[in-house]
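Asker: In the numbering used here, the protein residues as written are 39 to 514.
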């Protein structure tokens, strides 16, 4: 019996080495595509066996948007599939209160419907004030470590209890024959945008090293400066709302005028003393959690991720949600439900936008393994983008190759110098065969040959790495 055990053990070890060592060598060849100085961590693990290939997985890496996988898991475990954000309009004899819950999908049209229901029940006059109750959240509206130079763009929009239209403003800028520029903002946006940017030729822009720059102020004023190369079509712009509460106040004033409702009082921020006894007039509910998670994972929506993070803090600790208690809630929820310990992870938001986030690959490996083992209960894998076919992976160059397209489901993550991917190799039925993680940071390729029509090093690396993990999953 002892000899048989030794024989079987030796056979297992030989088969393990037969699979793992070639893949290890393939990983080394893939990493050779990366510039000198790049730091990377790679994992590939078969789900039906314990065969794992790791390379430099002990260090900490910025997870970027792969962190949204953890946010999705914590949200599903704590809030449940029936969870919806609500926005409620209440009234008493002479005043109204709008109770916001941080709905990241709330729109101006949704607010209009709430006030339309008020008008149909109570007429066209509000003799008192309208209160905007934003007490569900507290603390910073932007997490520690969000880069200052991106705070004016929509993927860095602030996270408030009152979020309207994604806290994002659509505009466009036109070049002019006289060397100036002109900005157009649709009139329904209650913001002010001005431009001092100059129209220049492409050659002059490059020689001056002059780009378009944005300064945004807390009163939702935006000023453009710098240079814009001559162009026939306008350049689309998307500005992040800087003050969501002020923006909501101005939008509501517009809606009341459009609906013919006369407000004799003011629009105030806070809770009226009578909030608990006010009658409910109308309620708007967001889509259910699975649909929110699908948008978050497919489109890498930061506002949904961080609104859920703050909501987790509010729900778990029974206090106004914040980035601080939200990220701590994520750790405790996951440990209590899965046994996965994330206490050593440095998490300051749920979107992955902060440069301060740090995560070990082993932590992400455990999360992915749990998702695969409990997908029947969680139903999260089907929400991930598919390589070359959907979401943020639809146009990723390394995933449009026929050898990769449709064979991976994963969440990407990008920051300055960081290119991450975490997900699964799937079979023809979409069932996971293996998990994989790619964390690449400090990636700074040479710009000497940037004008040549060659694939960037990161694309070459990714294509080779994805082919390797697919081959390993299929035993090739």
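For glycine and all other residues, C-beta sits at the position ideal for the given N, C-alpha and C. Because the structure is a prediction, the values reported are computed rather than measured.
Which residues share a DSSP beta bridge with residue 135?
Answerer: Per DSSP, 128 and 169.
Asker: Within 10 angstroms of its Cβ, does residue 323 collect 16 or more other Cβ (buried), or is it exposed?
Answerer: By the 10 Å Cβ count, residue 323 comes out exposed.
Asker: In this structure, how does DSSP classify residue 53 when only helix, strand and coil are distinguished?
Answerer: Residue placement at residue 53 is poorly supported in this model, since its pLDDT is 44, which falls under 50; the coordinates still yield a value, given next. Residue 53 falls in the helix class under three-state DSSP.
Asker: Going by beta carbon distance, what residues of the same chain come within less than 6 Å of residue 167, once the five residues before and after it are set aside?
Answerer: Taken in chain order, the residues that qualify are 133, 303, 304 and 306.
Asker: Could you tell me how far apart the beta carbons of residue 107 and residue 383 are, in whole angstroms, since I believe they sit closer than 8 Å?
Answerer: With a Cβ gap of about 13 Å, residue 107 and residue 383 do not count as contacting.
Asker: On the three-state DSSP scale, how would you describe residue 92?
Answerer: It is a strand residue.
Asker: Check the Cβ-Cβ distances between residue 377 and every residue of chain D, and say whether any is below 8 Å.
Answerer: The chain labelled as chain D is not found in the depicted structure, where only one protein chain is given.
Asker: In whole angstroms, what is the alpha-carbon distance linking residue 349 and residue 234?
Answerer: Cα to Cα, the separation comes out at about 40 Å.
Asker: What does DSSP give as the partner residues of residue 384 in its beta bridges?
Answerer: Bridge partners of residue 384: 396.
Asker: May I ask you to report which of helix, strand or coil DSSP gives residue 121?
Answerer: It is coil, neither helix nor strand.
Asker: For residue 86, count neighbouring Cβ atoms within 10 angstroms of its own Cβ and tell me buried if that reaches 16, exposed if not.
Answerer: Exposed, since its Cβ has fewer than 16 Cβ neighbours within 10 Å.
Asker: For the 8 Å Cβ check, are there 3 or more pairs between the stretch 231-246 and the stretch 264-273?
Answerer: These segments touch.
Asker: Distance check for residue 220 and residue 214, CA to CA, integer angstroms please.
Answerer: Straight-line Cα distance between these residues: approximately 7 Å.
Asker: Indicate the three-state DSSP secondary structure (helix, strand or coil) for residue 366 in the structure shown.
Answerer: In the structure shown, residue 366 sits in a helix (DSSP, three-state: H, G or I).
Asker: For residue 216, count neighbouring Cβ atoms within 10 angstroms of its own Cβ and tell me buried if that reaches 16, exposed if not.
Answerer: So residue 216 counts as exposed.
Asker: Determine which residues share a DSSP beta bridge with residue 450 and list them.
Answerer: Its beta-bridge partners are 459.
Asker: Just verifying my parser: in three-state terms, what is the DSSP assignment at residue 236?
Answerer: Residue 236: strand per DSSP, three-state reduction.
Asker: Between 428, 468, 153 and 493, which has its C-alpha nearest residue 300's C-alpha?
Answerer: Of 428, 468, 153 and 493, the residue nearest in Cα terms is 153.
Asker: Use the C-beta contact count for residue 512: other C-beta atoms within 10 angstroms, 16 or more gives buried, fewer gives exposed.
Answerer: With fewer than 16 Cβ atoms within 10 Å of its Cβ, residue 512 is classed as exposed.
Asker: With three or more C-beta pairs closer than 8 Å as the rule, is the stretch 419-431 touching the stretch 453-472?
Answerer: In short, these stretches touch, since the Cβ pair count reaches three.
Asker: Scan the stretch 254-320 and note each continuous alpha helix (DSSP H) run of 4 residues or more that stays entirely inside, going in chain order.
Answerer: For the stretch 254-320, whole alpha helix (DSSP H) runs of length 4 or above, ordered along the chain, are 282-297.
Asker: Expressed to the nearest angstrom, what Euclidean distance is found between the alpha-carbon atoms of residue 227 and residue 404?
Answerer: So the two alpha carbons sit approximately 45 Å from each other.
Asker: If residue 207 and residue 138 are in contact, beta carbons under 8 Å, what's the gap, nearest whole angstrom?
Answerer: Not a contact, Cβ separation roughly 19 Å.
Asker: Apart from the five residues on each side of it in sequence, which residues of its chain come closer than 6 Å, Cβ to Cβ, to residue 294?
Answerer: Taken in chain order, the residues that qualify are 301.
Asker: Hey, out of 470, 406 and 318, whose CA is closest to residue 128's CA?
Answerer: The candidate whose alpha carbon is nearest that of residue 128 is 318.
Asker: Shortest alpha-carbon distance to residue 35 belongs to which of 442, 188 and 223?
Answerer: Since the first residue shown for the chain is 39 and the last is 514, residue 35 is missing from the structure and cannot be characterised.
Asker: Within 10 angstroms of the Cβ of residue 481, are there 16 or more other Cβ atoms? Answer buried if so, exposed if not.
Answerer: Residue 481 should be labelled buried.
Asker: Give the single residue among 186, 431 and 176 whose Cα lies nearest to the Cα of residue 197.
Answerer: Out of 186, 431 and 176, 176 has the C-alpha closest to the C-alpha of residue 197.
Asker: Let me know the secondary structure DSSP gives residue 66 once reduced to three states.
Answerer: Residue 66 falls in the helix class under three-state DSSP.
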